[in-house]
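Engineer: Quick note on my numbering: the sequence shown kicks off at 17 and runs consecutively.
Cβ atoms here follow ideal geometry from the backbone N, Cα and C, with glycine treated the same way.
Every value quoted in this text rests on a predicted model; they were computed, and no experiment measured them.
Before I ask anything, let me first share the structure, which is written out below as structure tokens.
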Amino acid sequence: MIEALAAADPDHRRDAAELLVRAYRAPVLEVLRWRWNLDDADAEDLAQEFFATALEKDWIHRFDPARGRFRTFLRVCADRFAANRRQADQRLKRGGGAVTLSFDDLAGALPDGDDESEARFRAEWVRSVFDLSRDSPRTEARERDRAVHLAIFEAYDLADHDRPTYAALATVHDLTETQVLNHLAWARRRFRVHVLDVVRRLAGSEAEYREDVRDLLGIEAP
Numbered sequence: 017m018i019e020a021l022a023a024a025d026p027d028h029r030r031d032a033a034e035l036l037v038r039a040y041r042a043p044v045l046e047v048l049r050w051r052w053n054l055d056d057a058d059a060e061d062l063a064q065e066f067f068a069t070a071l072e073k074d075w076i077h078r079f080d081p082a083r084g085r086f087r088t089f090l091r092v093c094a095d096r097f098a099a100n101r102r103q104a105d106q107r108l109k110r111g112g113g114a115v116t117l118s119f120d121d122l123a124g125a126l127p128d129g130d131d132e133s134e135a136r137f138r139a140e141w142v143r144s145v146f147d148l149s150r151d152s153p154r155t156e157a158r159e160r161d162r163a164v165h166l167a168i169f170e171a172y173d174l175a176d177h178d179r180p181t182y183a184a185l186a187t188v189h190d191l192t193e194t195q196v197l198n199h200l201a202w203a204r205r206r207f208r209v210h211v212l213d214v215v216r217r218l219a220g221s222e223a224e225y226r227e228d229v230r231d232l233l234g235i236e237a238p
């Protein structure tokens, strides 16, 4: 994603920017709401301004994997963007001039040591990874006539409500419990493949990719 944001092809840059916002919008919103006590509308406005500014000023390209995870880098930048924006607003209210935000003002030293912010950001990041990972399995299931496999997987592993039993799923889909287990195993394997793809696209380095795979799936990255 970081490489694609600097690509010569404008389509590649646009796709990368879209992925950046889709993956990190919810985590950034969570931190802005919690850290700065913002309501939903104000957090949305500030998040939109942050992403627009970061992309316009090419802040993302300054990421250094030697200094930490990409998601930590982005979280700290968003948090400090909010701090600088509040400082600028207060200065304007007092009659002072506008404050120019620079990358160095935002990035500083990473990480910033805020465990609660990191925990909240990570939780939303995990949800974003899994949400992004659903798109490809749905397309694959339609193309391979595996819609029932995916429906069982989403009902058993991804739904917010209580997990149904194998017997209940077998009744709903007119299958045996053994068939339910086989369908679920296929869908889980395919979903894991797509999770790995999303995590790789979002990682700031090969080392970060491998750490994230262990963190999310409890396996060594292939």
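(1) I think Ala183 touches Glu193, with their Cβ atoms under 8 angstroms apart; what is that distance to the nearest whole Å?
(2) Taking only runs of the beta strand (DSSP E) that begin and end inside the segment 148–172, which ones reach a length of at least 3 residues, in chain order?
(3) When you compare only the Cα positions, how much space is there between Ala125 and Leu197?
(4) Can you list, in chain order, the residues of its chain with a C-beta nearer than 8 angstroms to that of Tyr225? Leave out the 5 residues immediately preceding and following it.
(5) Helix or strand or just coil, what does DSSP make of His28?
(6) Could you tell me which whole alpha helix (DSSP H) segments of length 4 or greater appear in the segment 50–115?
(7) Taking the straight line between their C-alpha atoms, what separation do you get for Leu21 and Val188?
(8) Would you call the segment 36–44 in contact with the segment 137–146, where contact means no fewer than 3 C-beta pairs closer than 8 angstroms?
(9) In or out: His165 buried (at least 16 other Cβ within 10 Å) or exposed?
(10) Using 8 angstroms as the Cβ pair cut-off and three pairs as the minimum, do the segment 89–99 and the segment 59–78 touch?
(11) Three or more C-beta pairs closer than 8 angstroms, one from the segment 48–66 and one from the segment 155–163: is that the case here?
(12) Answer yes or no: do Leu36 and Leu48 have a C-beta to C-beta separation smaller than 8 angstroms?
(13) Rounding to the nearest angstrom, what Cα-Cα distance links Glu159 and Gly234 in this structure?
(14) What number of angstroms, rounded off, separates the C-alpha of Arg101 from the C-alpha of Asp58?
(15) Does DSSP put Leu174 in a helix, a strand or coil?
Structural biologist: Walking through what the data contain:
(1) Reading the sequence shown from its first residue, position 167 is the one you call residue 183. Reading the sequence shown from its first residue, position 177 is the one you call residue 193. Their Cβ separation, rounded to whole angstroms, is 6 angstroms, which keeps Ala183 and Glu193 in contact under 8 angstroms.
(2) Fully enclosed beta strand (DSSP E) runs of 3 or longer: not present.
(3) Walking along the sequence shown from the start, residue 125 turns up at place 109. Walking along the sequence shown from the start, residue 197 turns up at place 181. In this predicted model, Ala125 has a pLDDT of only 46, less than 50, meaning its place in the structure is not dependable; the value taken from the coordinates is given anyway. About 49 angstroms.
(4) Within the sequence shown, residue 225 is the residue found at index 209, counting from 1. Val215, Arg216, Ala219, Ala237, listed in sequence order.
(5) Locating residue 28 in the sequence shown gives position 12, counting from the first residue. When secondary structure is reduced to three states using DSSP, His28 falls in the helix class.
(6) Counting whole runs of 4 or more residues, the segment 50–115 contains the alpha helix (DSSP H) stretches 56–72, 86–109.
(7) Counting from 1 along the sequence shown, the entry for residue 21 is found at position 5. Counting from 1 along the sequence shown, the entry for residue 188 is found at position 172. Whole-angstrom Cα-Cα distance: 45 angstroms.
(8) Because the criterion of three Cβ pairs below 8 angstroms is met, the segment 36–44 and the segment 137–146 touch.
(9) Stepping through the sequence shown from its first residue, residue 165 is reached at position 149. Counting Cβ neighbours within 10 Å, His165 comes out buried, since at least 16 surround it.
(10) Touching, per the Cβ criterion.
(11) With a cut-off of 8 angstroms, the segment 155–163 and the segment 48–66 do not count as touching, because too few Cβ pairs lie within range.
(12) The sequence position of residue 36 within the sequence shown is 20, counting from 1. The sequence position of residue 48 within the sequence shown is 32, counting from 1. Result no, Cβ atoms of Leu36 and Leu48 do not sit closer than 8 angstroms.
(13) Within the sequence shown, the letter at position 143 stands for residue 159. Within the sequence shown, the letter at position 218 stands for residue 234. Cα to Cα, Glu159 sits roughly 29 angstroms from Gly234.
(14) The residue labelled residue 101 in the question sits at position 85 within the sequence shown. The residue labelled residue 58 in the question sits at position 42 within the sequence shown. Cα-Cα distance, rounded: 12 angstroms.
(15) One-based indexing of the sequence shown puts residue 174 at position 158. Helix at Leu174.
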